[in-house]
Amino acid sequence: MIDIHSHILPGMDDGAAHEADTLAMAKAAVDEGIKTIVATPHHQNGTYTNEAPIVEGAVDQTNALLHHHGIPLTVIAGQEVRVYGELLEDLKAGHLLTLHGSAYMLVEFPSNYIPRFASSLFYDLQLEGVTPIIAHPERNKVFMEKPSLLYRYIQNGALSQVTAASVTGHFGKKLQKFSLELIDHNLAHFIASDAHNTTSRGFYMDKAYNVIEQKLGRAKEMQDHAEKLIHNQPVIGDAPNEIQAKGLLHKLFNR
Ligand SMILES: [Fe+2]
1 MIDIHSHILP GMDDGAAHEA DTLAMAKAAV DEGIKTIVAT PHHQNGTYTN EAPIVEGAVD
61 QTNALLHHHG IPLTVIAGQE VRVYGELLED LKAGHLLTLH GSAYMLVEFP SNYIPRFASS
121 LFYDLQLEGV TPIIAHPERN KVFMEKPSLL YRYIQNGALS QVTAASVTGH FGKKLQKFSL
181 ELIDHNLAHF IASDAHNTTS RGFYMDKAYN VIEQKLGRAK EMQDHAEKLI HNQPVIGDAP
241 NEIQAKGLLH KLFNR
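Just so it is clear: in the sequence shown, position 142 is 142 by UniProt numbering, and no numbers are missing.
See the structure below:
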């Protein structure tokens, strides 16, 4: 199993604080059947800055640490890049990482709003050959209230990643329902843990795929997407469908 979003590197952000945490997370990942994990420390989210060379160095050190402890997990480099004004310039300057050097970048919106410049930024990113993967859209307040916005991003070529714990119901029934709805409407292409630790923000990948298989029969397809991504092969989801708003008033006020 491949996990494309995690905070497993020690001392980079609000994930693993020390090597001991990293080791505990790595063991938990292996216990779930994860063999490859993309380390995606926060970058430019207002609190943490982790530029490309720092992340790459930490990934090498972490792989050496895991090898030393006999833990069969391979860590590869990425970033969870907050959508910010200078993103494109920083990409060109070599400060940013895609996922394992592929043509896919994990991008994060603020949880309460979508910046106005995001759609033109996504367009420009794609002109540069980089496909944005929207991290956990199910946890964004704006997408929850107005899923048609996410539909537009996906229709314009972005992909998205739902968090495993959302699918399993660890973040509540409402988020679980919305997550499954996104997958069912072809508005989410990947499942990832976004694990920060082994307690409050663990992996739940195995359980999430079981839920997806049971409810929608789409676990294999989503696992294939992760496999393709790390081999930098095209990930092409089925055509997205808009989530229909429930009532007329909702429709009128959520256009
Ligand atoms: Fe994250």
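We treat Cβ as the ideally placed atom computed from N, Cα and C, and that holds for glycine. Just so we're clear, the structure is a prediction, and the values are computed from it rather than from any experiment.
- Beyond the five residues adjoining it in sequence on each side, lysine 141 comes within less than 7 angstroms, by CB distance, of Ser111 and Asn112 in the same chain, given in chain order.
- Across the set Leu125, Gly172, Ser166 and Gly169, the C-alpha of Leu125 shows the shortest separation from the C-alpha of leucine 159.
- Distance check between glutamate 80 and each of Val235, Asn45, Asp224 and Tyr153 places Asn45 closest, using alpha-carbon atoms only.
- When C-alpha distances from isoleucine 243 are compared across Arg201, Val235, Leu187 and Asn210, the shortest belongs to Leu187.
- Taken from the Cβ of histidine 43, every heavy atom of ligand 1 lies 7 angstroms or farther away.
- Between leucine 182 and glutamate 138, the gap from beta carbon to beta carbon is short of 8 angstroms.
- In this structure, histidine 7 has its beta carbon less than 7 angstroms from a heavy atom of ligand 1.
- According to the DSSP assignment, isoleucine 2 belongs to the beta strand (DSSP E) that extends over 2-6.
- Judged by the Cβ position, alanine 58 fails to qualify as a neighbour of ligand 1 at the 7 angstroms threshold, every heavy atom of the ligand being at least this far.
- For phenylalanine 109, there is no enclosing beta strand (DSSP E), as DSSP gives it neither H nor E.
- Taking 8 angstroms as the cut-off, the beta carbon of isoleucine 34 is found closer than this to the beta carbon of methionine 205.
- Within the same chain, and ignoring the five residues on either side of leucine 216 in sequence, the residues whose Cβ sits closer than 7 angstroms to its Cβ are Leu180, Ile183 and Asp184.
- Exposure of asparagine 241 is indicated by the presence of fewer than 16 other C-beta atoms within 10 angstroms of its C-beta.
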